[in-house]
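All remarks here apply to the structure that follows.
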Amino acid sequence: MSIRKFSPPNRTDSGVHRLHIWLATAELYGGDAQTSTKIFEQLIAAQPENIEVRASYAEFCWLTRSDCAQAGIDFVTKSFPELRLTTHGYTAATLQSYLWRQDGKDEQAQPLIDSTLAANNKSIESGDSSFQPAYENAALSQINDDRDGALTWLERAVDAGFTDPYAMALDPILAPLAGEPRFKALQARLHEQMRDMRSRVDFSDVDRLIAASNPMAKLD
Numbered sequence: 001m002s003i004r005k006f007s008p009p010n011r012t013d014s015g016v017h018r019l020h021i022w023l024a025t026a027e028l029y030g031g032d033a034q035t036s037t038k039i040f041e042q043l044i045a046a047q048p049e050n051i052e053v054r055a056s057y058a059e060f061c062w063l064t065r066s067d068c069a070q071a072g073i074d075f076v077t078k079s080f081p082e083l084r085l086t087t088h089g090y091t092a093a094t095l096q097s098y099l100w101r102q103d104g105k106d107e108q109a110q111p112l113i114d115s116t117l118a119a120n121n122k123s124i125e126s127g128d129s130s131f132q133p134a135y136e137n138a139a140l141s142q143i144n145d146d147r148d149g150a151l152t153w154l155e156r157a158v159d160a161g162f163t164d165p166y167a168m169a170l171d172p173i174l175a176p177l178a179g180e181p182r183f184k185a186l187q188a189r190l191h192e193q194m195r196d197m198r199s200r201v202d203f204s205d206v207d208r209l210i211a212a213s214n215p216m217a218k219l220d
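Now the structure itself:
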């Protein structure tokens, strides 16, 4: 079943926007940023006040280096500064500090980097065993040009449950690490885990199951 067979979202959808966010992300992973953009534009038009939609769109704009990135990050920063975004689990602070560092605004970027690192470290010390703080620390370390620190935090994130090699490959912050043997080893490990998971999943009835659980799905 093609994911393009889903109807556009509307204002009365309850939770179905998450499926469309997933569809847009899948298209981006597949290299079709144009279709991904169209899905997000439909989502924004249908549900402009939905913070989950707005935050996901902000992250999409950032990933694709689109002109909408700064406005989206500003919105999330002002509305829900501690919200972790969908694809990488970053807070808006990390996206903002990266943009500022890219623009040479080090005096603005560094305090934000330091405060976010401190918040994540405090969370980890308090018992947070999820991958998000470690993964975000990897990105912040890389923004600080600490490659070894970034790779060490990235390894901790994978050990803590990060599973998405495609998100890693798309991440502009981590892009400079792509040639590192430790990065390649993590990618290989994640792809192997994904192959193992897929080998244990029965996709034979997936069209019927999706249609039954989502009235927006249109099947042939």
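Numbering (the numbering used here), first residue to last: 1 to 220. No residue lacks a Cβ here, since even glycine has one placed at the ideal position from N, Cα and C.
Residue i and residue j closer than 9 Å at C-beta
{"i": "T94", "j": "E136", "result": "yes"}
{"i": "I51", "j": "F80", "result": "yes"}
{"i": "A46", "j": "T35", "result": "no"}
{"i": "L28", "j": "L174", "result": "no"}
{"i": "E155", "j": "L177", "result": "no"}
{"i": "P133", "j": "N121", "result": "yes"}
DSSP bridge partner residues for residue i (one or two, in chain order)
{"i": "T91", "result": "R84"}
Alpha carbon of residue i to alpha carbon of residue j, nearest angstrom
{"i": "Q110", "j": "S97", "result": "7 Å"}
{"i": "D74", "j": "R54", "result": "11 Å"}
{"i": "V76", "j": "G31", "result": "26 Å"}
{"i": "I124", "j": "A157", "result": "11 Å"}
{"i": "R221", "j": "F131", "result": "Lying before the first or after the last residue shown, residue 221 is absent from the chain, which here runs from 1 to 220."}
{"i": "E82", "j": "R195", "result": "33 Å"}
{"i": "D128", "j": "G161", "result": "12 Å"}
{"i": "T37", "j": "Q108", "result": "30 Å"}
{"i": "T152", "j": "S126", "result": "20 Å"}
{"i": "L19", "j": "G104", "result": "37 Å"}
{"i": "R189", "j": "A119", "result": "29 Å"}
{"i": "V201", "j": "I21", "result": "22 Å"}
{"i": "S199", "j": "D205", "result": "15 Å"}
{"i": "D146", "j": "L117", "result": "13 Å"}
{"i": "S56", "j": "P181", "result": "31 Å"}
{"i": "D67", "j": "I44", "result": "16 Å"}
{"i": "P165", "j": "A139", "result": "15 Å"}
For residue i, the nearest candidate out of the options (CA to CA)
{"i": "E59", "options": "P172, F162, S129 and V16", "result": "P172"}
{"i": "D159", "options": "L63, A92 and Q193", "result": "Q193"}
{"i": "G89", "options": "M168, L99 and G72", "result": "M168"}
{"i": "D148", "options": "E49, A69, T64 and F183", "result": "F183"}
{"i": "A92", "options": "Q102, K78 and R101", "result": "K78"}
(request) Mind listing, in chain order, the continuous alpha helix (DSSP H) runs of no fewer than 4 residues lying wholly within the segment 162-186? (result) 165-170
(request) Run through the segment 8-59 for me and flag every whole beta strand (DSSP E) of 3 or more residues, listed as ranges in chain order. (result) none
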